[in-house]
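If you use my numbering, the sequence shown corresponds to residues 79 to 466, in order.
Where is the CB? At the ideal position from N, CA and C, for every residue including glycine.
Worksheet: the structure to be examined is printed underneath.
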Amino acid sequence: MKNRKLLMIPGPIEFTPEVMRAMGMPTASHVAPNFVDCMGQALERMREVFLCPGGQPFIVAGSGTMAMDMAACNVIEPGDNVLVVNTGYFSDRFGAIMERYGARVTYVKATTIGDMPSLDEVEAEIGKADYKGLVVTHVDTSTAVRADIKGLGGLCRKHGILSIVDGVCSVAGEELRQEEWGVDIALTACQKAIGVPPGLALLVASPKAIETFKNRSTPVGNYYSDWANWLPVMESYEARKAAYFGTPAVNLVWALNVSLGQILAEGMDNRFARHRLMSDAFKAAMNAIGLKQIPVSADKAANTLTAPYFPEGVNGSVLPLIAKAGAILAGGLHAEIKEKYFRVGHMGVVNASDILATVGAIESGFAKAGYKFEHGAGLAAAQIVLLK
Ligand code: PMP
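What follows is the structure, given as structure tokens:
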């Protein structure tokens, strides 16, 4: 399609025609039987997508930050110790939210941008205080660093600590097995790998997280996010009965249910594998044209996005050239290196053609910006991975 541009930022992303059609359906009453069914089914599907059969799902209007806020305010009380495994911008944000609700926050941080604190370092810190919760960003969108959630979940289980995972840039793209890996709260927003235009905060809480909430000795310091308001509503819709606390985002929920259905039709394991393949192909292309990435090693790099450094002599002014060639990309976000890198999202419905088109647009932009590289080397490298 002439002038068509791919939206290859780390959210919002490209959405399927079926999801966009659902957005345009006539808005029903939030107590209409067809909406009650849709909301009930979306809640059931959330458990399957988060791989948390015993969890309590929440679907609430808001963005990812709202989901972080909801997690923090419901299970943390003033004076609780919280450990933040810090990988960048969004880990800082989660720490600030925890502090806002009165937590005493300790950060364990890698010394190098693009690295992760080791499990041993985290466990050593756990031994120093009576931690109630551990917070980690699964994929830090500012650095494309992916944390070892399975390992951290295991540590939390061993030490009886609540594990809270910001999966905004991971859920439904990156492998995350909430129940098996011992994650107590996994949260996301709908505009990334979930595949729905922005506006929904999504969260699944383990029985332990719900029990922690029910055993609070202080009231929740946030009226809108209080699970005392939302839990009966979610339970009611799942039992196919309407309930009200705040008006649900009806059209977004239509779209969410369609998208969750598409995700489950693909199958979670197939979906994780496709994200790995798209990421491998894209990263191979960046290596082939000489661009280094922020994550210090491949095992710490996300599959949902890539964060390459600009090469010598190129800066952010290349991004409009790449957009003109057909792919809209994002600039840097991590304050210390903001001007030195860019970010490319490849999640959700992304396919091989999108990857090749994006690599082609990047080669075109870099060539126009005067960067010297072997033209076509990135495309060839991506294609070799895709054809394996
Ligand atoms: N956490 C992560 C890892 C994110 O990528 C984002 C959004 N980019 C957020 C939290 C915040 O989500 P939102 O912008 O939807 O509030």
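Could you tell me if ARG421 is buried or exposed, where buried requires 16 or more neighbouring beta carbons within 10 angstroms of its beta carbon? By the beta-carbon neighbour count (other beta carbons within 10 angstroms, threshold 16), ARG421 is buried.
Kindly give me the distance between the Cβ atoms of CYS116 and ASN335, rounded to whole angstroms, as I take these residues to be in contact under 8 Å. The C-beta separation of CYS116 from ASN335 comes to about 5 Å, placing the pair in contact by the 8 Å criterion.
Nearest neighbour of MET148, chosen from ASP158, GLY157, PHE136 and ASN159 [CA to CA]: When only C-alpha atoms are compared, the closest one is PHE136.
Let me confirm a value: MET86 is counted as buried when at least 16 other C-beta atoms fall within 10 Å, else exposed. Which label applies? By the 10 Å Cβ count, MET86 comes out buried.
SER179 classed as buried or exposed, judged by whether at least 16 other C-beta atoms fall within 10 angstroms: A quick correction: the sequence has Tyr, not Ser, at residue 179. Answer is buried; the Cβ neighbour count reaches 16.
Could you give the DSSP three-state label for PHE420: helix, strand or coil? Secondary structure at PHE420: strand, using DSSP grouped into helix, strand and coil.
Nearest-angstrom Cα separation, counted from GLY102 out to THR94: Computed Cα separation, rounded: 13 Å.
To the nearest angstrom, report how far apart ALA211 and ILE242 are at their CA atoms. The question names Ala, but residue 211 is Gly in the sequence shown. GLY211 and ILE242: Cα-Cα distance of roughly 7 Å.
Is the Cβ-Cβ distance between GLY142 and ALA267 less than 8 Å? Against a cut-off of 8 Å, the Cβ pair of ALA267 and GLY142 comes out as a contact.
Going along the chain, which residues of its own chain have a beta-carbon closer than 7 Å to the beta-carbon of VAL374, five neighbours each way excluded? So the qualifying residues of the chain are THR190, GLY192 and ASP193.
With DSSP run on the structure shown, which of helix, strand or coil describes ARG294? Coil.
Can you grab the Cα-Cα spacing for the pair GLY232 / GLU201, in whole Å? Answer to the nearest angstrom: the Cα atoms are 11 Å apart.
C-beta contact flag for THR221 and ILE372 at 8 Å: Yes, these two residues count as a Cβ contact at 8 Å.
Pairing CB atoms from the stretch 281 to 295 with CB atoms from the stretch 148 to 163, are three or more of them under 8 Å? These segments touch.
Please classify THR296 as buried or exposed, where buried requires at least 16 other C-beta atoms within 10 Å of its C-beta. Exposed, by the Cβ-count rule.
Return yes when at least one heavy atom of the ligand PMP lies under 7 Å from the C-beta of SER141, else no. Checking every heavy atom of the ligand PMP against the Cβ of SER141, one is found closer than 7 Å.
Going by alpha carbons, who is nearest to PHE360 out of GLU390, HIS412, VAL463 and LYS319? Among GLU390, HIS412, VAL463 and LYS319, the Cα nearest to that of PHE360 is on VAL463.
Starting from ASN112 and walking both ways along the alpha helix (DSSP H), at which residues does that stretch end? It spans 111 to 127 - the alpha helix (DSSP H) in which ASN112 sits, taken as one unbroken run.
Checking the sheet assignment: what are the DSSP bridge partners for GLN139? Note that residue 139 is Ala in the sequence shown, not Gln. LEU278, per the DSSP bridge assignment.
Under the three-state DSSP convention, the category LYS286 falls into: Residue state, collapsed to three classes: helix.
Under the criterion of a Cβ to heavy atom distance below 7 Å, does VAL114 qualify as lining the ligand PMP? Because no heavy atom of the ligand PMP lies under 7 Å away, the Cβ of VAL114 does not count as near it: no.
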